[in-house]
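A short worksheet on the structure shown next.
There are 2 protein chains.
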Amino acid sequence: MIRVAAALSLAVLAAPAFAGPLPSWNDGESKAAILDFIGASADPDAEGYVPPEDRIAAFDNDGTLWAEQPVYFQFLFALDRARALAAADPDWANTPTLAAAAAGDVEAVLAGGEHALLEIVTATHSGMPVEVFIGLVAEWFASARHPTTGKPITEMVYQPMLELLDHLRAHDYEIYIVSGGGADFMRAFAEEVYGVPPQNVIGSQGEVRFEIVDGVAEVVKDPGIAFIDDKGGKPVGISRHVGKRPVFVAGNSDGDLAMAQWAAAGEGPRFVLFVHHTDAEREWAYDRESMIGRLDAALDAAAAEGWTVIDMARDWARVWPE
Amino acid sequence: MIRVAAALSLAVLAAPAFAGPLPSWNDGESKAAILDFIGASADPDAEGYVPPEDRIAAFDNDGTLWAEQPVYFQFLFALDRARALAAADPDWANTPTLAAAAAGDVEAVLAGGEHALLEIVTATHSGMPVEVFIGLVAEWFASARHPTTGKPITEMVYQPMLELLDHLRAHDYEIYIVSGGGADFMRAFAEEVYGVPPQNVIGSQGEVRFEIVDGVAEVVKDPGIAFIDDKGGKPVGISRHVGKRPVFVAGNSDGDLAMAQWAAAGEGPRFVLFVHHTDAEREWAYDRESMIGRLDAALDAAAAEGWTVIDMARDWARVWPE
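Which chain is which? The protein sequence lines are Z and C, in order.
Per this note's numbering, the very first residue in the first sequence carries number 1; after that it's consecutive.
Per this note's numbering, the very first residue in the second sequence carries number 1; after that it's consecutive.
Below, the structure written as structure tokens:
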């Protein structure tokens with residue numbers, strides 16, 4: 001009841017008076033396909049009807065709901081936290097990778113590849129109860145700014161996608177975020193920014209352990225990665241968490257291809273959407289050659305399967321919230 | 001909306017005309033404590049008020065929502081499946097443990113301890129897409145009978161607990177099952193029997209993998225156990241899945257103690273309930289010495305912490321649904 005009410009109020013806020021649904025989307029094939037699918041799925045007399053309990057939607061986060069350039073925002077958090085930890089304890093940055101992170105030397109860190117990233121995530125995302133970590137991330141979001149636009153990080157979200165989330169909720173869809181980003185990291189902002197509560201966030205997982213700390217029961221974040229929610233991990237994460245295939249999925253990179261294939265292979269109506277970053281002027285333009293958010297195999301698959309590919313420059317009248 | 005409507009209709013079915021809430025509970029301290037807590041948690045003017053987004057309830061399954069004697073019902077499924085697999089392929093039961101399982105020799109299997117159980121679960125719960133497995137379990141439930149009462153397995157649930165679930169839902173609680181049983185196994189019946197949808201089932205997890213099988217994308221169950229949702233695994237499972245501590249938890253064994261401690265240590269009002277099996281006449285009587293559902297350390301903790309312990313013989317006017 002509460003969640004429905006919240007969804008309705010968000011929808012009202014997002015839609016200017018007299019505007020139709022998805023006001024920040026330009027009229028065209030993409031918008032029409034989305035509206036047709038969602039409308040039919042909620043219409044018991046339509047061929048494309050989907051029973052309410054099966055109206056599961058899964059959205060990638062980085063590059064699909066908010067920007068991911070020039071680097072994933074969680075990486076910015078890790079660098080800021082590395083700097084803070086090194087400032088508090090000069091012995092903290094005791095490896096070249098951690099020293100580069102503490103110095104904010106993005107290129108040096110990226111040159112270290114996945115091993116360096118893992119080292120930094122481990123050192124900056126563990127050693128405290130989950131709830132303390134979520135609090136640290138929330139605190140960071142309160143002041144963090146995007147390195148090139150200067151906007152608050154939480155405003156680097158796509159207005160058209162916020163409207164799509166509202167439109168789905170207004171048609172009784174249950175929305176999950178399914179991201180390679182850390183679940184605990186995303187839980188610090190997903191409810192406020194997207195209206196997606198913590199229990200609807202599926203993401204990568206660090207190792208955790210139950211422990212009585214000074215007489216208080218805690219779930220504590222340990223070093224190490226327990227689960228990577230990317231590529232084949234996305235259908236696995238959804239299967240474990242939701243227990244059924246989504247009927248509506250949205251992604252923007254090859255990391256979302258397995259999720260798209262798995263959703264599309266289910267029985268009955270399915271909708272697969274990929275965001276193609278074609279807008280260097282208002283956002284960024286990148287696809288097959290990008291190190292971040294590479295869209296290559298999935299772009300071919302979308303063409304072959306007839307999935308909806310959003311051309312950001314063409315399909316979105318507006319990219320960012322006011 | 002749909003979920004609320006379903007909850008309301010369940011509540012109506014469960015409550016005879018003119019009866020108050022929890023009609024199958026005898027009046028007394030336990031019932032009063034439950035009603036007081038839930039009522040206050042939904043009353044903005046009460047000291048015990050809990051905001052709706054924090055009204056998370058976690059229920060153990062075996063021994064808390066349904067019976068667990070003489071053995072866990074999932075074990076009965078595994079034995080039936082072992083018999084079917086051995087009948088279809090005489091070479092299937094190629095180890096003493098699998099042969100014992102296929103012969104339904106419970107004692108021989110239990111004598112093999114955890115290793116034997118793991119071997120049987122691995123052999124009977126893997127090698128197919130998750131959805132096929134859930135279908136097999138649902139098929140089994142359609143005809144499975146309890147070995148001593150002869151009732152359908154799905155009627156071995158506790159009527160007072162069904163009423164408690166309804167009462168919580170009527171006060172906008174989100175209910176999760178948090179069980180050592182397999183998540184995929186429970187998803188085959190939790191919605192029908194408890195009104196708990198698949199995405200609100202947290203349980204033990206087998207290994208799974210994404211795979212394109214004959215051109216179709218599938219999540220396939222592999223041999224091996226990925227996660228045991230018992231003892232310290234329960235708070236870990238809830239933290240990963242829900243992202244916050246429950247305010248209301250119910251269990252019946254030492255396997256639920258960590259979950260109870262973790263929930264109780266959260267800020268604000270909390271309610272911890274343990275079912276004590278004291279009713280040899282209508283159900284079973286067991287606690288500190290039982291191999292299944294041992295309630296020993298948690299019984300001491302409940303007394304020390306002032307948690308509510310349900311004395312089944314005293315507190316429940318009725319045990320089973322009509």
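The beta-carbon is built from N, C-alpha and C at its ideal position, and this holds for glycine as well.
Serine 239 (chain Z): which of Z:Glu29, Z:Pro44, Z:Ala57 sits nearest, CA to CA? In the first sequence, counting from the first residue as 1, residue 239 (chain Z) sits at position 239. Out of Z:Glu29, Z:Pro44, Z:Ala57, Z:Ala57 has the C-alpha closest to the C-alpha of serine 239 (chain Z).
With 8 angstroms set as the bound, which would you pick, yes or no: does the beta-carbon of glutamine 261 (chain Z) sit closer than that to a beta-carbon of chain C? By 1-based counting over the first sequence, the position of residue 261 (chain Z) is 261. Glutamine 261 (chain Z) counts as touching chain C.
Within a Cβ cutoff of 7 angstroms, which residues of the same chain sit near arginine 270 (chain C), ignoring the five residues on either side of it in sequence? Taking the first residue of the second sequence as 1, we reach residue 270 (chain C) at position 270. Excluding sequence neighbours, arginine 270 (chain C) sits near Val247, Ala263, Ala264.
Buried or exposed (CB count within 10 angstroms, at least 16 for buried), valine 208 (chain Z): Residue mapping note: residue 208 (chain Z) aligns to position 208 of the first sequence, counting from 1. Counting Cβ neighbours within 10 Å, valine 208 (chain Z) comes out buried, since at least 16 surround it.
Among the residues of its own chain, which have a CB less than 8 angstroms from the CB of leucine 22 (chain C), if the five just before and after it don't count? The sequence position of residue 22 (chain C) within the second sequence is 22, counting from 1. Excluding positions up to five away in sequence, the list reads Lys31, Ile34, Leu35, Pro160, Glu163, Leu164, His167.
Using a cut-off of 7 angstroms between C-beta atoms, extract the partners of histidine 241 (chain C) located in chain Z. Working through the second sequence from its first residue, we reach residue 241 (chain C) at position 241. In chain order: Gln199, His241.
Taking the beta strand (DSSP E) that aspartate 222 (chain Z) belongs to, which residues open and close that run? Here residue 222 (chain Z) refers to the residue found at position 222 when the first sequence is read from its first residue. Run containing aspartate 222 (chain Z): 216-227, per the beta strand (DSSP E) assignment.
Taking 8 angstroms as the threshold (C-beta atoms), are glutamate 283 (chain Z) and alanine 67 (chain Z) in contact? For the purposes of this step, residue 67 (chain Z) is identified with residue 67 of the first sequence, where counting begins at 1. For the purposes of this step, residue 283 (chain Z) is identified with residue 283 of the first sequence, where counting begins at 1. It is a contact, given that the beta carbons lie within the stated cut-off.
Per-residue DSSP class, three states only, for glutamate 349 (chain C): Residue 349 (chain C) is absent from the model: chain C starts at 1 and stops at 322.
Quick one: Cα of proline 129 (chain Z) to Cα of arginine 145 (chain Z), how far? In the first sequence, residue 129 (chain Z) corresponds to position 129, counting from 1. In the first sequence, residue 145 (chain Z) corresponds to position 145, counting from 1. Straight-line Cα distance between these residues: approximately 26 angstroms.
So that I know if they touch, is there some Cβ in chain C lying closer than 8 angstroms to that of arginine 209 (chain Z)? Residue numbering aside, residue 209 (chain Z) sits at position 209 when the first sequence is read from its first letter. Yes - at least one Cβ of chain C is within 8 angstroms of the one on arginine 209 (chain Z).
8 angstroms Cβ cut-off: residues of chain C touching glutamine 205 (chain Z): In the first sequence, counting from the first residue as 1, residue 205 (chain Z) sits at position 205. The answer, in chain order, is Arg240.
Any beta-carbon of chain C closer than 8 angstroms to the one on valine 275 (chain Z)? Residue numbering aside, residue 275 (chain Z) sits at position 275 when the first sequence is read from its first letter. It does not: the Cβ of valine 275 (chain Z) has no partner Cβ on chain C nearer than 8 angstroms.
When we look at the beta-carbon of asparagine 94 (chain C) and count the other beta-carbons within 10 Å, is it buried (16 or more) or exposed? Here residue 94 (chain C) corresponds to residue number 94 of the second sequence, with the count starting at 1. By the neighbour-count rule (16 or more Cβ atoms within 10 Å), asparagine 94 (chain C) is not buried but exposed.
Drop a sphere of 10 angstroms on the beta-carbon of glutamate 47 (chain C), count the other beta-carbons inside from all chains shown, and report buried for 16 or more, exposed for fewer. Stepping through the second sequence from its first residue, residue 47 (chain C) is reached at position 47. With fewer than 16 Cβ atoms within 10 Å of its Cβ, glutamate 47 (chain C) is classed as exposed.
Is any heavy atom of the ligand MN found at a distance shorter than 7 angstroms from the C-beta of glutamate 155 (chain C)? As presented, the structure is devoid of all ligands, the ligand MN included, so that no description of it is given.
When the Cα of proline 52 (chain C) is compared with those of C:Ile225, C:Lys231, C:Ile38, C:Asn61, which residue comes out closest? Translated into positions along the second sequence, residue 52 (chain C) becomes position 52. Nearest C-alpha to proline 52 (chain C): C:Ile38.
Residue closest to threonine 278 (chain Z), alpha-carbon to alpha-carbon, out of Z:Met291, Z:Ala298, Z:Arg314, Z:Ala260: Working through the first sequence from its first residue, we reach residue 278 (chain Z) at position 278. For the residues Z:Met291, Z:Ala298, Z:Arg314, Z:Ala260, the minimum Cα distance to threonine 278 (chain Z) belongs to Z:Arg314.
Pick helix, strand or coil for alanine 40 (chain C), following the three-state DSSP scheme. As a first step, residue 40 (chain C) is located in the second sequence; it is residue number 40 there, counting from the start. The answer is helix: DSSP assigns alanine 40 (chain C) an H, G or I state.
With DSSP as the reference, identify every bridge partner of tryptophan 66 (chain Z), one or two as the case may be. Taking the first residue of the first sequence as 1, we reach residue 66 (chain Z) at position 66. For tryptophan 66 (chain Z), which the question treats as bridged, DSSP gives the partners Z:Asp62, Z:Val157.
For lysine 151 (chain Z), is the classification buried or exposed, using 16 other Cβ atoms within 10 angstroms of its Cβ as the cut-off for buried? Within the first sequence, the letter at position 151 stands for residue 151 (chain Z). Exposed, by the Cβ-count rule.
Using a Cβ-Cβ cutoff of less than 8 angstroms, which residues in the same chain neighbour alanine 138 (chain Z) once the five nearest sequence positions on both sides are dropped? On the first sequence, residue 138 (chain Z) is found 138 positions in, with the first residue counted as 1. Counting only Cβ-Cβ distances below 8 angstroms, and skipping sequence neighbours, we find Ala188, Phe189.
Which residues, in chain order, does the region 136-154 of chain Z contribute to contact with chain C at a C-beta distance below 7 angstroms? none
In the structure shown, what three-state DSSP assignment does proline 321 (chain C) receive? Along the second sequence, one-based indexing puts residue 321 (chain C) at 321. Correct three-state label for proline 321 (chain C): coil.
Kindly indicate which three-state DSSP category glutamate 174 (chain Z) falls into: helix, strand or coil? Counted from its first residue, the first sequence places residue 174 (chain Z) at position 174. In this structure, glutamate 174 (chain Z) counts as strand in the three-state DSSP scheme.
Residues near phenylalanine 73 (chain Z) by beta carbon distance below 6 angstroms, same chain, minus five either side: The sequence position of residue 73 (chain Z) within the first sequence is 73, counting from 1. Excluding residues within five positions, the ones whose Cβ falls inside 6 angstroms are Ile153.
According to DSSP, proline 129 (chain Z) sits in a beta bridge with which residue or residues? Here residue 129 (chain Z) is taken as the residue at index 129 of the first sequence, counted from 1. Looking at the DSSP assignment, proline 129 (chain Z) forms a beta bridge with Z:Val220.
Can you tell me the Cβ-Cβ gap for proline 147 (chain C) and leucine 85 (chain C), rounded? I've got them flagged as a contact below 8 angstroms. Counting from 1 along the second sequence, the entry for residue 147 (chain C) is found at position 147. Counting from 1 along the second sequence, the entry for residue 85 (chain C) is found at position 85. Going by Cβ atoms, the distance from proline 147 (chain C) to leucine 85 (chain C) rounds to 20 angstroms, so no, they are not a contact pair.
Just tell me which of C:Pro198, C:Ala226, C:Ile212 has its CA closest to the CA of glycine 206 (chain C). In the second sequence, the residue the question calls residue 206 (chain C) occupies position 206. Glycine 206 (chain C) has its Cα closest to that of C:Ala226, out of C:Pro198, C:Ala226, C:Ile212.
For tyrosine 286 (chain Z), which of Z:Leu65, Z:Gly28, Z:Gln69 has the nearest alpha-carbon? As a working mapping, residue 286 (chain Z) is identified with position 286 in the first sequence. Considering only alpha carbons, the answer is Z:Gln69.
Excluding sequence positions up to five away, which residues of its chain have a Cβ less than 6 angstroms from the Cβ of methionine 1 (chain C)? For the purposes of this step, residue 1 (chain C) is taken as residue 1 along the second sequence, with counting starting at 1. For methionine 1 (chain C), the predicted model reports a pLDDT of 40, less than 50, meaning its position is unreliable; a value from the coordinates is still stated below. Excluding residues within five positions, none has a Cβ falling inside 6 angstroms.
Determine the closest residue to glycine 215 (chain Z) out of C:Pro321, C:Gln261, C:Arg81, C:Leu118, with distance taken between C-alpha atoms. Position 215 of the first sequence holds residue 215 (chain Z). Residue C:Gln261 is the option with its Cα nearest to glycine 215 (chain Z).
From the beta carbon of lysine 31 (chain C), is the nearest beta carbon of chain Z less than 8 angstroms away? In the second sequence, residue 31 (chain C) corresponds to position 31, counting from 1. Closer than 8 angstroms: no.
Does alanine 258 (chain C) have its Cβ less than 8 angstroms from a Cβ in chain Z? As a first step, residue 258 (chain C) is located in the second sequence; it is residue number 258 there, counting from the start. By this cut-off, alanine 258 (chain C) is an interface position.
Looking at the unbroken alpha helix (DSSP H) that takes in valine 109 (chain C), where does it start and where does it end? Numbered from 1 along the second sequence, position 109 holds the residue referred to as residue 109 (chain C). It spans 106-111 - the alpha helix (DSSP H) in which valine 109 (chain C) sits, taken as one unbroken run.
Contact with chain Z by alanine 183 (chain C), beta-carbon distance below 8 angstroms: The sequence position of residue 183 (chain C) within the second sequence is 183, counting from 1. Yes, because at least one Cβ of chain Z sits closer than 8 angstroms to the Cβ of alanine 183 (chain C).
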